[in-house]
Amino acid sequence: MGKNGVPIGGTMRSSFHTRRVLALLAVLVLASTAYSQTESAKDKDKEKEKKRTRADVFQELDRNGDDMLTPTEWPGNERSFRHMDANHDGVVSREEFLSLRGRHWNERFEDLDFNGDGVIARAEWVDDEEAFNRLDRNHDGVIDRREFYRLW
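For the sequence shown, position 136 matches number 135 in numbering that gives the first Met the number 0, and the numbering has no gaps at all.
Shown next as C-alpha cells:
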C-alpha cells in the first residue's frame, strides 16, 4: 500500500485500462461509420437497379447500337435467344425484347437451375463463360435470381 491508502501502481493500471477501452471504442466507432457508408452505397446501387427499365437493359446489351440484339450480344444461352426471337429472323428487335413478360423469365431461371437450389452454378450454365461472367455481377461463381433478372 502506498500513501493515502492507494495501492501502488493502481492508478497507473486504471489509466492504462481506460486508454485501452477508449481506443477500442474509437475503433468501433470508425468501423461502424465505414460499414454505414458501405451500406449506404449498396442501397444507392439497389435503387439504381430498381429504376432500370427493360429499354435501359436493351440499350446496354445492344453494343453496336443497331436496335437489334444478335446472338453474340446476348449474355444468355442460345435457347433463350431463340425463344425471344419471335419472328425467327436471327435477331431480337427492340420490340421483341420489350414485349417479354416476367413469367417467362421465372421459367427460364428454373430451367437453367438444374438442381433447384435457387442459383445457377457455373456447372449448370450451358453457354459460354463470358456470358456467365457478365451475369455473375458479384463474381461469386453463381448467378442468383437478382443477377439473372437484372437483364429483364
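Even glycine gets a Cβ: it sits at the ideal position worked out from N, Cα and C.
*Rounded to a whole number of angstroms, what is the C-alpha to C-alpha distance between Asn-86 and His-138?*
35 Å
*Identify whether Asp-143 lies in helix, strand or coil by the three-state DSSP scheme.*
strand
*Helix or strand or just coil, what does DSSP make of Leu-68?*
strand
*Can you pull the DSSP bridge partners for Ser-92?*
Met-67
*Can you tell me the Cβ-Cβ gap for Glu-72 and Arg-62, rounded? I've got them flagged as a contact below 8 Å.*
5 Å
*Measuring alpha carbon to alpha carbon, tell me which of Ala-120, Glu-94, Asn-76 ends up nearest Arg-107.*
Asn-76
*For Val-118, which beta-bridge partners are listed by DSSP?*
Asp-143
*According to the neighbour-count rule (16 or more other Cβ atoms, all chains shown, within 10 Å of its Cβ), is Phe-113 buried or exposed?*
exposed
*Excluding sequence positions up to five away, which residues of its chain have a Cβ less than 6 Å from the Cβ of Asp-135?*
Ile-142
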